[in-house]
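Below is one structure; the comments refer to it alone.
Chains as they are written, first to last, in the working numbering: chain Z, 1 to 87; chain U, 1 to 592.
Okay, structure coming up:
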């Protein structure tokens, strides 16, 4: 097994893992952070008759999840193309 | 035309559509039966996944749960956030690995029949618990809308599932799920749009919830807070003081969602890894359409119900029983609404009598002798079309939607069960020489068996049937999720670690649940009362799944480190799943 290929593979995987860590950080921040644990700190910011933490818990987190999944898919699909990954 | 006739037309119409699809989408090979030939378009699969996911309970009961207030936001975040885990940690790699079932991945990655069999057992516990609720849910939907007993409704539903699942396998299930999604989302959003227009003037319920209440000119949520406060309830948007359980519960729902086999196998049906990633996004779009409508519907329905009971405001006398609207009378007959005139004034006082201060203060001053209205929360969805004076066809559509939600989830679960039996237990464990044609026959027979068992259990629901959330999500979080993710992300995990991890996760989760809810859910056999002061570290039995997952991760890692390193063939297999360059040894070299 050529080491050269290994390095290339490792670079690809590191990129993937970094991207996952980023996505899951945002995932945790909007739901467990803004929507739950940090909510008391954000009480001052109001959104349509409630506070922003309530909005995140009931709507904002879901919208962020959708954006995250598409963001991850697009980034990885582009990365696959760059690395010439074929099925 | 009578309402009954309209409902009947909608339900029969949708059933004809599903059966038509069944005949068109017959499976001709095991590949078609298990993974719909592996060429489902990612958007189509996203839609089918959403139908697979949105169950009878989501359709009928979740809005009622959410209407309790902020604390139940766990359900909305949990049942959507799991898809981020699925999209980044599981679905793409499993698709690339290219198996037919979830235990198939476990068996091949860990090169172990025992690991495969343990995974099959976990899968069956999870899916069987889940499917009973769907069967009874289909029966309930029938009974509510079609004047037949719920048992008859359940049997009719089972026959329809039989037609498309036995004939078409995953192929039939996929395309009927697409049709079922369209029916259920129209049925759920149409009344919500009506209600939102009526109460806020917003067409989109999602913006209506954060909009202005047309009648009072106040923001809707502020108005709702005031109304519930006036009646002694907690503010709708009030924060909760103890976030620990809310956190654990939400995390258990998310991790459990990502580990549910009937959802994971949907991602085996798309052409390649790129489509698996996209498909997860589409699935979440279709699910989000539903789960952002839910809180809007919940808040607005609750306010609307309270306004019906207090037509001139909460400080004025409540509605006189004799002046109650027709829908109120209709739903009293079902027992979902009950009125008991405790103070004998002929009016319907609806308030929180569990709030001692309020009962001693305002309620006593106004001569109220206790809450007089018992409301089953399902009514917020079921009675909606009548409450908002919607046309008769909307009710017919809701009947078809409730049934569609139950059937689509039931068929996905039945497929997960039957393919695990025919592919993992028979083909890969007991009868390795099974030909493709014979395996197909066994796959169909397993499906027949699964439907018969699920129908029987639906007619005679055992105690654990009511514990879908605790048992199915807890087990999925504690067993399959850690074992699969470790299999992809940590090369060093071997079969001994995986098996020990699954068993430890399952025992921790199920044992903890049984300690508080009774062993095998037999009433009276619990060791401790199910109240917060008896919970270990304040962990509710419903939230224990994520603790089981941590136990699984830890045990799997420790046992693997103490035993042998997986073979080069296995490590190459993991490489192949992760890296763009094909590894020299393909999965073919390491079967079983």
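All residues carry an ideal CB built from backbone N, CA and C; glycine is no exception.
Here the structure is a predicted model, which is why all the values come from computation and not from measurement.
By the Cβ neighbour-count rule, residue 440 of chain U is buried, with 16 or more other Cβ atoms within 10 Å of its own.
Neighbourhood of residue 155 of chain U in chain Z, by CB distance below 9 Å: empty, with the nearest CB roughly 37 Å away. In the three-state reduction of the DSSP assignment, residue 373 of chain U falls in the strand class. Between the region 64-76 of chain U and the region 47-60 of chain Z there are three or more C-beta pairs closer than 8 Å, enough to call the two in contact. Under the three-state reduction of DSSP output, residue 492 of chain U falls in the coil class, being neither helix nor strand. Runs of the alpha helix (DSSP H) lying entirely within the region 94-160 of chain U, each at least 4 residues long, are 102-109, 113-146 in chain order.
By the criterion of a C-beta distance shorter than 8 Å, residue 157 of chain U is surrounded in its chain by 135, 138, 139, 142, 403, 406, 407, 410, once the five residues flanking it on both sides are discounted. With a beta-carbon spacing of about 32 Å, residue 299 of chain U and residue 481 of chain U fall beyond the 8 Å limit used to define contacts.
Per DSSP, the continuous beta strand (DSSP E) segment holding residue 337 of chain U begins and ends at 337-339. Scanning the region 372-424 of chain U for uninterrupted alpha helix (DSSP H) segments of 4 residues or longer gives 379-382, 384-387, 392-419, listed from N- to C-terminal end. For residue 60 of chain U, the enclosing alpha helix (DSSP H) has its first and last residue at 56-60. Within the same chain, 540, 543 come within 6 Å of residue 245 of chain U by CB-CB distance, once the 5 residues on both sides are set aside.
Straight-line spacing of the CA atoms in residue 311 of chain U and residue 54 of chain Z works out to 28 Å. The continuous alpha helix (DSSP H) containing residue 247 of chain U extends over residues 243-258. As DSSP reads the structure, residue 78 of chain Z sits in no beta bridge.
In this structure, residue 205 of chain U sits near residue 297 of chain U, with a CB-CB distance shorter than 8 Å.
Sixteen is the threshold: when 16 or more other Cβ atoms of the shown chains lie within 10 Å of the Cβ of residue 499 of chain U, as they do, the residue is buried. For residue 55 of chain Z, the uninterrupted alpha helix (DSSP H) run begins and ends at 52-55, by DSSP.
The C-alpha of residue 23 of chain Z lies about 25 Å from the C-alpha of residue 41 of chain U. Of the candidates U/50, U/285, U/545, U/104, U/50 places its Cα closest to the Cα of residue 175 of chain U.
In chain order, 70, 237 make up the part of chain U whose C-beta sits under 7 Å from the C-beta of residue 54 of chain Z. Contact note: residue 25 of chain Z does not reach chain U at a C-beta cutoff of 7 Å; the least C-beta distance is about 11 Å. Contact between residue 357 of chain U and residue 370 of chain U does not hold, since their C-beta atoms are separated by about 15 Å, which reaches or exceeds 8 Å. Residue 268 of chain U and residue 114 of chain U have their alpha carbons spaced roughly 23 Å apart.
Beta-carbon to beta-carbon, residue 262 of chain U and residue 416 of chain U are separated by about 4 Å, close enough to satisfy the 8 Å threshold.
DSSP lists Z/50 as the bridge partner or partners of residue 47 of chain Z. Counting only the Cα atoms, residue 105 of chain U lies some 8 Å from residue 97 of chain U. Residue 52 of chain U and residue 421 of chain U have their C-alpha atoms spaced approximately 20 Å apart. Between residue 274 of chain U and the set Z/27, Z/82, Z/11, Z/73, the nearest pair of CA atoms involves Z/73. Under a criterion of Cβ atoms nearer than 7 Å, the residues of chain U adjacent to residue 68 of chain Z are, in order, 84. Sequence-ordered contacts of the region 272-289 of chain U with chain Z read 272, 273, 274, 277, 278, 280, 281, 284, 285, 288 [C-beta pairs closer than 8 Å]. DSSP, reduced to helix, strand and coil, places residue 192 of chain U within a helical segment of the structure shown. Under the 8 Å criterion on CB atoms, residue 34 of chain Z is classed as non-interfacial with respect to chain U. Annotation: residue 342 of chain U to residue 270 of chain U spans about 60 Å, alpha carbon to alpha carbon. When C-beta distances to chain Z are compared with 7 Å, every residue of the region 488-517 of chain U stays at or above that value. About 21 Å separates the beta carbons of residue 532 of chain U and residue 524 of chain U, which is beyond the 8 Å limit, so they are not a contact pair.
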